Each structure stands twice: as structure tokens, then as C-alpha cells.
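Read left to right, the sequence shown gives residues 1 to 214 (UniProt numbering).
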Amino acid sequence: MDEQVTLYNKVAVVSLAELAGKEHVIGDAFLAHVLEYNSPDVIYITFDFHEYCRGMRFENVSILTDGIKDIIKDMRYTWLDTKGLICEQRGVFRVNCVDCLDRTNVVQTAVARIVMETQFRKLGLLPPEESLPSSCRRIYQQIWANNGDVISRQYAGTAALKGDYTRTGERKFSGLMKDGVNSANRLLGLPSGQGIDGGARTRDRRVAGDLGFD
1 MDEQVTLYNK VAVVSLAELA GKEHVIGDAF LAHVLEYNSP DVIYITFDFH
51 EYCRGMRFEN VSILTDGIKD IIKDMRYTWL DTKGLICEQR GVFRVNCVDC
101 LDRTNVVQTA VARIVMETQF RKLGLLPPEE SLPSSCRRIY QQIWANNGDV
151 ISRQYAGTAA LKGDYTRTGE RKFSGLMKDG VNSANRLLGL PSGQGIDGGA
201 RTRDRRVAGD LGFD
């Protein structure tokens with residue numbers, strides 16, 4: 001955490017893990033570390049994604065973004081022109097669920113959209129209080145969904161879950177069925193013929209320096 005604060009000044013930790021069941025152990029441990037660190041530059045926020053968004057109601061992520069809008073505003077963004085620095089970013093959001101893939105990507109997409117809309121308004125590209133036009137929003141959603149799929153395939157062997165919502169802004173039954181197939185493939189390791197704890201996992205641990213190459 002020292003490194004994160006040194007690099008980014010302020011860090012807002014957003015935990016999307018469940019507050020009950022087996023996931024709460026992870027969230028509780030994370031919170032304990034943040035409390036022990038005891039820094040005014042670290043904010044800890046919990047949002048039980050599965051509880052708030054159950055029944056495919058992913059639009060309820062707005063409950064989270066509405067609650068942290070002042071933090072988003074305070075962190076600002078970096079803006080440079082030919083004459084120099086106009087505005088400087090002074091913080092980051094560190095978002096996690098359990099594997100930092102699917103729920104994380106949905107929330108990061110929402111936070112980034114708010115920042116981008118703010119930037120567009122400052123540049124005079126959007127009227128006050130208006131959101132992104134549909135043509136721009138589609139491109140933005142595609143970029144984030146593609147990014148989420150690439151990261152997920154590298155780590156879990158399948159496209160990201162909940163990707164239909166990230167890509168289109170809508171959650172449909174077809175997307176739910178696709179998630180079921182991808183979840184099964186992750187468990188069985190079908191895309192690469194090996195489970196997540198097999199060769200792909202070993203490769204990632206070697207890259208991270210946890211394992212040697214002997």
C-alpha cells in the first residue's frame with residue numbers, strides 16, 4: 001500500500017466481495033489490513049455487488065457511483081495543453097472482487113464513464129448534465145468489454161462474465177446463459193485443456209516471480 005500511496009497520492013479501495021458467505025473472509029481480511037495501515041490517504045468502500053445487483057439488475061451499480069461521486073470529483077484527472085498543466089489527477093480507485101475480473105470490470109467501466117463525461121463537459125463537447133451520446137457510448141463500451149475479455153482469457157481461459165452488460169449496457173438472458181457456459185469452462189479448463197490451477201496458472205506465477213523455471 002505504501003507504493004500505491006506514493007505513486008498515486010490517494011487510493012480509494014472498492015471491495016465488491018460478498019459481505020456474507022465464503023467471500024466475506026476475503027473482505028474482512030482486506031479491511032483489517034486497511035485499518036492496520038491507518039492512513040488518511042486510503043479510503044475503504046464496500047459494495048456487495050451480488051446483493052445489490054441480484055436478478056441481473058446491474059444498473060444498480062449506480063448506487064455505488066452515486067455514493068462515491070464526491071470522491072471521483074476530488075481525485076480529478078490530468079489535463080495538459082500546449083501551455084502546460086491545467087489539472088492533475090490526485091488519486092486512483094483500486095477495485096476488486098474475488099478474482100478481479102467480472103464484477104470489477106463492470107464497476108471500473110461505470111467509474112471511468114463518469115470521469116470521461118466530466119472531461120467532455122470541460123472541453124465543451126457535452127452540455128452540462130448530459131451523458132455520452134449513443135454513438136460514443138457504444139465505442140466506449142466496446143473498448144472496455146474487449147479489454148475485459150482479453151484480461152479474462154489470459155487469467156481464466158474464457159471471455160469475461162457479465163460482458164454483455166459492459167458491451168451493451170443491457171443484461172439479457174442470452175448473456176446469462178453465455179456466462180453459465182464460460183463459468184463451466186473455467187472450472188473444467190476446456191479452452192486450453194487445463195484448469196486454472198494447471199499450466200496457465202503456473203505460467204502466470206512464473207511471470208510474477210513466484211515460481212522458478214527449473
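In this text, a Cβ means the ideal position worked out from N, Cα and C, and glycines have one as well. In this text, all values refer to a predicted model and were calculated from it rather than measured experimentally.
Considering Cα atoms alone, identify which of the options is closest to residue i.
i, options, result
"residue 46", "140, 127, 64, 131", "64"
"residue 59", "180, 168, 178, 185", "168"
"residue 156", "185, 25, 80", "185"
"residue 18", "171, 51, 111, 96", "51"
"residue 40", "10, 67, 61", "10"
"residue 15", "92, 124, 100", "100"
"residue 138", "183, 26, 170", "170"
"residue 163", "148, 95, 81", "148"
"residue 94", "112, 87, 86", "112"
"residue 160", "123, 57, 103, 35", "103"
"residue 136", "35, 108, 78, 117", "117"
"residue 57", "172, 180, 187, 183", "172"
"residue 66", "29, 77, 107, 86", "107"
Assign residue i to one of three DSSP states: helix, strand, or coil.
i, result
"residue 91", "coil"
"residue 185", "helix"
"residue 139", "helix"
"residue 96", "strand"
"residue 3", "helix"
"residue 62", "helix"
"residue 118", "helix"
"residue 18", "coil"
"residue 177", "helix"
"residue 153", "helix"
"residue 56", "coil"
"residue 37", "helix"
Rounded to the nearest angstrom, what separates residue i and residue j at their Cα positions?
i, j, result
"residue 240", "residue 31", "What the structure shows of the chain is the stretch from 1 to 214, and residue 240 is not part of that stretch, so it cannot be assessed."
"residue 42", "residue 105", "21 Å"
"residue 5", "residue 33", "15 Å"
"residue 22", "residue 98", "11 Å"
"residue 8", "residue 54", "33 Å"
"residue 62", "residue 3", "30 Å"
"residue 84", "residue 115", "21 Å"
"residue 80", "residue 152", "33 Å"
"residue 143", "residue 20", "33 Å"
"residue 88", "residue 177", "43 Å"
"residue 91", "residue 44", "13 Å"
"residue 12", "residue 96", "11 Å"
"residue 195", "residue 158", "Bear in mind that the predicted position of residue 195 carries a pLDDT of just 46, short of 50, making it unreliable; the figure below should be weighed with that in mind. Using only the alpha carbons, I get a separation of about 11 Å."
"residue 121", "residue 27", "36 Å"
"residue 193", "residue 187", "Residue placement at residue 193 is flagged as unreliable, the pLDDT there being 41, under the threshold of 50; the coordinate-derived value follows with that caveat. Looking at the two C-alpha atoms, the distance is approximately 11 Å."
"residue 124", "residue 146", "28 Å"
State the beta-bridge partners of residue i as determined by DSSP.
i, result
"residue 44", "13"
"residue 81", "84"
Legend entry - the region 123-134 in contact with the region 68-76 per 3-pair CB rule at 8 Å: no
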